[in-house]
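Chemist: I am attaching a structure below and will ask some questions about it afterwards.
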Amino acid sequence: MTLGVDVGGTFTDLAWWDGETLHAAKTSSTPDQSEGVESGARGLLGDRAVPLLVHGTTVATNALLERDGADTVLVTNHGFEDLIEIGRQARPSLYDPFADRPAPLVDREARFGWSSGAEDRLVAWLRARRPEAVAVSFLYGFRDTDAEEAVVSLVRSAFPDLPVSPSHRVVPEFREYERTSTTVVNAYLRPKVEAYLHRLADRVVPQPAERLLVMRSSGGLMPPADAAELAAAILLSGPAGGVVAAAALGETMGYHRIVSFDMGGTSTDVCRVEQGRPEVVYERAIEGQVARLPSVAVHTVGAGGGSIGWADPGRALRVGPRSAGAFPGPACYGRGGTEPAVTDANLVLGRIDPAGRLAGSLPLDLQAAGAALRALGRELGLDPVATALGMIEVVEAHMERAIRAVSVEEGADPRSAVLVAFGGAGGLHASALARRLEMAGVVVPPYAGVFSAVGLLLSPPRHDTARSVLLAAADADRLDPAVTEVADDVASRLRAQTGSEPERVETAVDVRYLGQSHETTVPYRPGEGWDRLAVRFHRAHAARNGFARPDDPIEAVTVRAAAVGRPALSWGDLPEHRPVGEARLATRQVVTAEGPMDAAVWWRPGMRPGTEVVGPCVVEEGEATIYLGPGERGLLHPSGALEVTW
Amino acid sequence: MISPIALEVARNRLAGIADEMGAVLRRTAYSPNIKERIDCSAAVFVPDGEMLAQAEHIPVHLGSMPASVAAVLERFDAEPGVQYAVNDPYAGGTHLNDLTLVRPVFLGSVLVGWAANRAHHADVGGEAPGSMPAHATTVDQEGIRIAPMPAVRDGRWLPEFLEPFLEATRTPAERLGDLSAQLGANEVGAARLEELARREGVEGFHRLTEALLSYGERRMAAALSALADGVFTFSDVMEWGERDVTIRVAVTIEGDGLTADFSGTDPQVPANFNAVEAVTRSCLYYAVRVATDPTIPTNGGCYRRIGLVAPEGSLVNARPPAAVAAGNVETSQRIADTLLGALAQAAPDRVPAASQGTMNNVLIGNDRFAYYETVGGGQGGRPGKPGQSGIHTGMTNTKNTPIESLETHYPFRVTRYTIRRGSGGAGRFPGGDGIEREIEFGEPAVVSLMGERRRHAPWGLQGGGPGATGEDWLIRAGGRPERLPGKVTVEVGPGDRLLVLTPGGGGWGNPG
C-alpha cells in the first residue's frame, strides 16, 4: 500500500495503490507544496495514516528558478576564486549581446580563497558573514579528499549547525568547474529541501525515515535524509516519474525501444528508453547552473498546449516560445486571453470537446478561441480553421525536431521506436507526430492524467555514486578495487534503506581514448579485466560514434555504481482495465488535415479491452483527449493503454 | 504561393537537417577541437549555392560557408556520389585549418541542393605545429592548401586527396577520425534533404526553398528598415610590432538595404594576419545580426540585402600568397569591432562598447606535445547593462580546457585563473573585466602568443572609458617579470611562468 504524489506547477497528482486497486486524484498545487500533498492525501485516504509516501517534488528546481535558495558561501583555492564565475568562458548566445551567462549562486564576496594557514581567517570570515550553507571545492578534490575534509572539520567545530557540502562527497569527479558548480548548487538547495521535507513529514508522514521516499533525478527513490544531504540529486524529481512509468509500461507491452513524450501546458519533455531503462545523462544545466549528477535524459522543448501562435515580420506563422501560462491561459479559458494557444486550435477543430470542461471544472469558451484565431488569421491571410490547422502543424514540427534531436545525438533511429504519449496534450498530437517520424506506433497509457504519480509507485529504491580515478593500462590493477569500492558503497546504503539485498548493482566505467575530451560509459564488473573493458569500450564507441581505434591506448576516467531495489508496484500487479459506463458517446464533426469529417467520440473508461476504434475519432477521458486522424486505428490493450497504428 | 504554415514547417525541417548534421559531426569526430570546443559548422544549400539553413557554433563560419560551395560550383559539374574538399583561403576557404567538405544532393538526375560542413583541423602541416606559424608571410608556410577537388566517391576517400593530406599533417590518425565524421555528417544531411525533396517533388521543393529565401530576405529587410538611414564611418587598427595597420569602413544604410565599404583600409601585410574576403563577409553578417535582430534565421535570403566592398589586396581581402592564419582568429575580431563601431551610430540602443577584441591565442609545445588555448576577456558595456567578465566575445566562442584535464596531460600547471579586477572601462554601464591566467612550466617548451589590444585599448561608447589593454609577462625562475610583446615566440624552462592579462571591455555611457 503506497501513495505516489507528484507535485507540478499547477496540479498535484496522486496515485494511491491499496494493494488491489489504483485510485487517482488531482488537487491544486500550493505555494508550500506540503499543504497540497496533505489535502490530496486526505481526499484519498481520509484520516488513515499514509503507510508509505513516494514523492516527486519541484522544490529544488523552483528554488533554482526563483533564486530562492540558502545564502551560500564557497571555500576554494586561493587564485581560483573566480573559476565558478568564468565557467567554460563561453557566452550563451552567439549573436545576442544582451543574453547573459547565468550568474553563479555565490557572488564574489561569497567566495573565500583558501591557502594553508588560513584557518583563523576563514573562521573569522564565516563569523562575520553568517552564511546559511557552505560549499567546499578544491582543485583535485575528487582525489585528494583530505584537504576538503580538514576544512569541513574546521567549519563543523566552529559552527556545528552550519551545513557543509564538500565536493568529494557531492560529486567526486574530475573537471573542476563542473564539480564546483554541482557542489555549490547542492549547498544552496540543501537547507530548502531539508526544511521542506520536515514540513512534509510533520503534515503527512510522522515517521519519515520509514515512510517517505523521494524521487531522484536518475529515476529511483531515496530516503529523505539522503535527499536533504544530496539535494542537487532531486532536481529532476518531477519529470523522472513519467519516464519511469513509460518505460515500465513499454516493457509490459513488449516494446523495448520507446520515446516518452510528455506534453503539458508550457513545455514538452522527451526521453529515450531502451530495454525498459531510461537513457541517463551524467550532467546537465538547470536554470543555467551545471549539475553533474545522473538524471533521466529528458530533453525539454518550450512548446505545449499553452504555446501562443503569432505572425512574425517575415509573415511566417510561428508558435511559441511564449506561453499563455495558467493565467490568463488560452483564449478558451475565458479569462481575458486574446492570443490563440495550441489548445484553442484543438478546440476550434473539434478535437477537444467544445462542450467539455478542462480539469473537470472550467467551461470552455469556443467563441473566444475562434476570435483569437480569426485575429491571427487576418494578419496572415488565412481563415480561422486554416490558422488552427497551421498552428498544429507548426507545433508538431517543433516536437518532430526534438524527438529527432534526442535520437540523433545518441546515434539512434526513431523509426524503430514506439512513442509513449501522456500529459494533458500528448494524445492530441502523438499519432500525427509519430507518423511523420515514421515511428513504429503510439501508446497512450492509462491513468494519463496522473501518469507521473503512477511512475513514482513503479520506481525502485536506488543509490548512485561515481568517482574519478583516471587510470591508464599500466594502472589496470587499481580498477577492480575502485569499482568494488563504489559498488559496496551503494549496496550498503541501499541495504540500510530497505533492509534487504539490492535487486541488482550496476557498475560501469567512463572510458576514453587517451587525449579525448569526452567519455563513453560502458558496463563493467570487477574481475572482467582491463582487456574486456577495452573491447567493450571500442564496441560502444563504434556504435555510438561510428568508429573505434582498437590499437589506441584507453583511459578509465570515472567508475560508477547504482544499487537498485524492488519497486512498491509493478505493472503486472495492476488489475486489468474494467469498463465502466458507455464506450461510445456521440459523433461530432472534427476538422482533420484532410478537411471536416464526422468523428466517433469514445469514452476510454467505458471501452472494453480489445475494442478497436478507427480514425477520425476522439477518445476522451477525465483529463486527457486522444485524437486519431483518418487512416489511424486504436486498440485498447488489457492494461487500458490505447495502442495506435496506421 | 507558399503558405505561412508551410514556410514555418519547412524552416524547422531544414534547420533540423543542419542541426542533425552538426550533431553527427560532433558525435563522431575524434579531436577535442570539434567535440569539446565545437569549432565546426554544418549547412544546407539550394542548387545555385544560396544557403538554406546553418547549424552554427562559431560566428566566423557564418558567411564563409557559402564561399566554399560557390568555389565548388565554379569548378565542377556536380556528380552524384562525389564529395568535394576545400581549404584554400583563396578558393572558398578561410584559413588552412578549416577544411570544408561539400556534397551535392540529387533526386534522380536532378541537382536539388548541397550539404556541406566545416571542421577546424588541429594540424594541416606547415612550419609549426598547429599550422599557425607566427612568422609566416605566405600561405604555403602555413600548411597544405587544397583547392576544391573531389575527395570522396561513393562513400570512399579518393587517394589523390587523402594521401597528400595525411602526409602533410603531424597527426594523421586524428585527422582521419575527423574526416570520417565530416563525411558521415554530409551523408546524413544529403539523405534528409533528398527525402524532403522527394516528398515535395522537384518543382514543389524549389518553390518552397525559394519561399524560404524570400522569407529570410523579408526578415532582414524589416530589421534594416528599423535602422536610421545614413552613411556611418569608423576605423580601428591591428597592432603589427610598433606599427598600426588600419581598417576603415563606411556603412551605408538606405531603406531596407545595407552596404559596407572597406575602401581606405591598409594594404595586406607580410605577416600572418591577413583576412580573405570570406572572413570579412562573416564579420559583416555577424555585426549586422548583433545590431539588428539576432533571431533572424541564418539563410542566404537575408544576405541579399547586405552588400560588401572589400578592395582587393587590402588587409580585409588579401590576395595570394599572403599568409592568413591569424586573419581568421585575430583580424576577424577587429573587422567586427570596426563594423560595430559604425553600426553603433545607426543602432545606439543595440551595440555594446568594444569587447576585448582578441582571442589571446596561446600555443605551447615541444617535440613531444602541442597545446593550444584561447582566453576570454571583457565584454563591452551594453546599452542598459554592464558588460560580462571573463567571457568569449565576437567571432569565437570556444570553451576552455579543464585545469584538471590539461595538467594531467601536459607538463605545465595553471597557478592562477581569476577575473582581472578593474580592467573594464568606466561608464554608466562599465565594461566587463578580463582574465588573469598564469601558467608554470615543468619542462623546456616553446611558447607562441598571438594577441591584440596590447597597445590600443578596446574603446568605450557614448562617453564610456576604454577597457584596459592586455598584457603578457614572462617570469623566469628566480627572475623578475619581463613584459612580452603581444605576438611573440619564446623558449621557456622549468619553473618559468607566463602571465596573460586579457583586455577589459570598453564602458558604455558617461560614468558621471
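Line order of the protein sequences matches chains A and B.
Per the numbering used here, residue 474 is the first one in the first sequence, and the count goes up by one each step.
Per the numbering used here, residue 16 is the first one in the second sequence, and the count goes up by one each step.
Backbone N, C-alpha and C fix where the C-beta goes; we use that ideal spot for every residue, glycine too.
Could you check whether the Cβ of B/Gly328 sits closer than 7 Å to any Cβ belonging to chain A?
Modeler: No, no contact with chain A.
Chemist: Is the stretch 493-504 of chain B touching the stretch 416-429 of chain B in the sense that three or more CB pairs, one from each, lie closer than 8 Å?
Modeler: No contact exists between the stretch 416-429 of chain B and the stretch 493-504 of chain B.
Chemist: With a Cβ-Cβ cutoff of 7 Å, do B/Gly409 and B/Gly439 count as a contact?
Modeler: No, Cβ-Cβ distance for B/Gly409 and B/Gly439 is not below 7 Å.
Chemist: Give me, in chain order, the residues of the same chain whose beta-carbon lies closer than 7 Å to that of A/Val717; leave out the 5 immediate sequence neighbours on both sides.
Modeler: Hits under 7 Å: Gly692, Pro751, Gly928, Leu931 and Ser932.
Chemist: Anyone know if the C-beta pair for A/Gly552 and A/Tyr650 falls short of 7 Å?
Modeler: No, the pair does not count as a contact, with Cβ atoms beyond the cut-off.
Chemist: Strictly below 8 Å CB to CB, what residues from chain A border B/Ser420?
Modeler: What B/Ser420 touches in chain A: Phe647, Arg648 and Ser990.
Chemist: Specify, as a first and last residue, the run of the beta strand (DSSP E) that B/Pro119 falls within.
Modeler: B/Pro119 -> beta strand (DSSP E) spans Asp113 to Leu122.
Chemist: Can you tell me the Cα-Cα spacing of B/Ala93 and B/Phe176, whole angstroms?
Modeler: Each residue's alpha carbon lies about 17 Å from the other.
Chemist: Helix, strand or coil: which one does DSSP assign to A/Asn550?
Modeler: The answer is strand: DSSP assigns A/Asn550 an E or B state.
Chemist: Alpha carbon to alpha carbon, what distance is there between A/Val625 and B/Thr430?
Modeler: So the alpha carbons of these two residues sit roughly 24 Å apart.
Chemist: One question on the structure: do B/Gly396 and B/Ala368 come within less than 7 Å of each other, judged by their Cβ atoms?
Modeler: Cβ atoms of B/Gly396 and B/Ala368: closer than 7 Å.
Chemist: If you measure beta-carbon to beta-carbon, which residues of the stretch 535-564 of chain A are closer than 7 Å to chain B?
Modeler: Within the stretch 535-564 of chain A, the residues whose Cβ lies closer than 7 Å to some Cβ of chain B are Gly552, Phe553, Glu554, Asp555, Leu556, Glu558, Ile559, Arg561, Gln562, Ala563 and Arg564, listed in chain order.
Chemist: Assuming A/Arg684 contacts A/Leu526 (C-beta within less than 8 Å), just tell me the rounded distance between them.
Modeler: About 6 Å; that satisfies the 8 Å criterion.
Chemist: Using a Cβ-Cβ distance under 7 Å, would A/Leu849 count as near chain B?
Modeler: It does not: the Cβ of A/Leu849 has no partner Cβ on chain B nearer than 7 Å.
Chemist: So B/Asn27 contacts chain A; which residues on that side make the cut at Cβ distance below 8 Å?
Modeler: Val867, Ala870, His871, Glu873 and Arg874, listed in chain order.
Chemist: Specify, as a first and last residue, the run of the beta strand (DSSP E) that B/Asn48 falls within.
Modeler: Unbroken run through B/Asn48 is the alpha helix (DSSP H), Pro47 to Lys50; no beta strand (DSSP E).
Chemist: CB A/Thr545 to CB A/Leu595, shorter than 7 Å?
Modeler: In this structure, A/Leu595 does not lie closer than 7 Å to A/Thr545 by Cβ.
Chemist: Classify B/Met80 as buried or exposed, calling it buried when 16 or more other Cβ atoms lie within 10 Å of its own Cβ.
Modeler: When all chains shown are included, B/Met80 counts as buried.
Chemist: Taking the alpha-carbon positions, what's the B/Ala130 to B/Gly199 distance?
Modeler: Rounded to the nearest angstrom, the two C-alpha atoms are 11 Å apart.
Chemist: For the stretch 229-300 of chain B, list the beta strand (DSSP E) runs that are entirely contained and at least 3 residues long, ordered along the chain.
Modeler: As far as the stretch 229-300 of chain B is concerned, its whole beta strand (DSSP E) runs of at least 3 residues are 245-255, 258-269 and 272-276.
Chemist: Output the residue ranges of the beta strand (DSSP E) runs that lie fully inside the stretch 566-624 of chain A and measure 3 residues or longer, sorted by chain position.
Modeler: Counting only runs of 3 or more, we get 584-587 and 606-609.
Chemist: Got a sec: is the Cβ-Cβ distance from B/His136 to anything in chain A below 7 Å?
Modeler: Not an interface residue.
Chemist: Would you list, in chain order, the members of the stretch 234-246 of chain B that have their beta-carbon closer than 8 Å to a beta-carbon of chain A?
Modeler: Listed by position along the chain: Arg234, Ala237 and Ala238.
Chemist: What would DSSP say about A/Leu944, mapped onto helix, strand or coil?
Modeler: In the structure shown, A/Leu944 sits in a strand (DSSP, three-state: E or B).
Chemist: At the level of alpha carbons, what is the spacing between A/Leu839 and A/Glu493?
Modeler: Taking the straight line joining both Cα atoms gives about 41 Å.
Chemist: Would you mind sorting A/Asp961 into buried or exposed? The rule is 16 or more other CB atoms within 10 Å of its CB.
Modeler: With fewer than 16 other Cβ atoms within 10 Å, it is exposed.
Chemist: Do you know how far the Cα of B/Cys317 is from the Cα of B/Glu233?
Modeler: Note that residue 233 of chain B is Arg in the sequence shown, not Glu. Taking the straight line from one Cα to the other gives about 7 Å.
Chemist: Can you check the stretch 998-1068 of chain A for any alpha helix (DSSP H) of at least 4 residues that lies completely inside it and give the ranges in chain order?
Modeler: Runs of the alpha helix (DSSP H) inside the stretch 998-1068 of chain A: 1003-1018.
Chemist: If I measure Cβ to Cβ from A/Glu852 and keep anything under 6 Å in the same chain, skipping five residues before and after, which residues do I get?
Modeler: Cβ within range, chain order: Ala784.
Chemist: Grouping DSSP H, G and I as helix and E and B as strand, with all else coil, what is A/Lys499?
Modeler: Here A/Lys499 sits in strand by DSSP.
Chemist: Taking Cβ positions, are A/Thr1031 and A/Asp953 nearer each other than 7 Å?
Modeler: Not in contact: A/Thr1031 and A/Asp953 (Cβ atoms no closer than 7 Å).
Chemist: Below 8 Å, can you find three or more Cβ-Cβ pairs linking the stretch 286-298 of chain B to the stretch 326-342 of chain B?
Modeler: Flag = yes, the stretch 286-298 of chain B and the stretch 326-342 of chain B touch.
Chemist: Does the CB of A/Val956 have a neighbour CB from chain B at under 7 Å?
Modeler: Not closer than 7 Å to any Cβ of chain B, the Cβ of A/Val956 fails to qualify, so no.
Chemist: Assign A/Leu987 to one of two classes, buried (16 or more other C-beta atoms within 10 Å of its C-beta) or exposed (fewer than that).
Modeler: It is exposed - the Cβ of A/Leu987 has fewer than 16 other Cβ atoms within 10 Å.
Chemist: Please report how far the alpha carbon of A/Gly787 lies from the alpha carbon of A/Pro887, in whole angstroms.
Modeler: Their backbone Cα atoms lie some 32 Å apart in a straight line.
Chemist: Does chain B have any CB closer than 7 Å to the CB of A/Val978?
Modeler: With 7 Å as the cut-off, A/Val978 does not count as an interface residue toward chain B.
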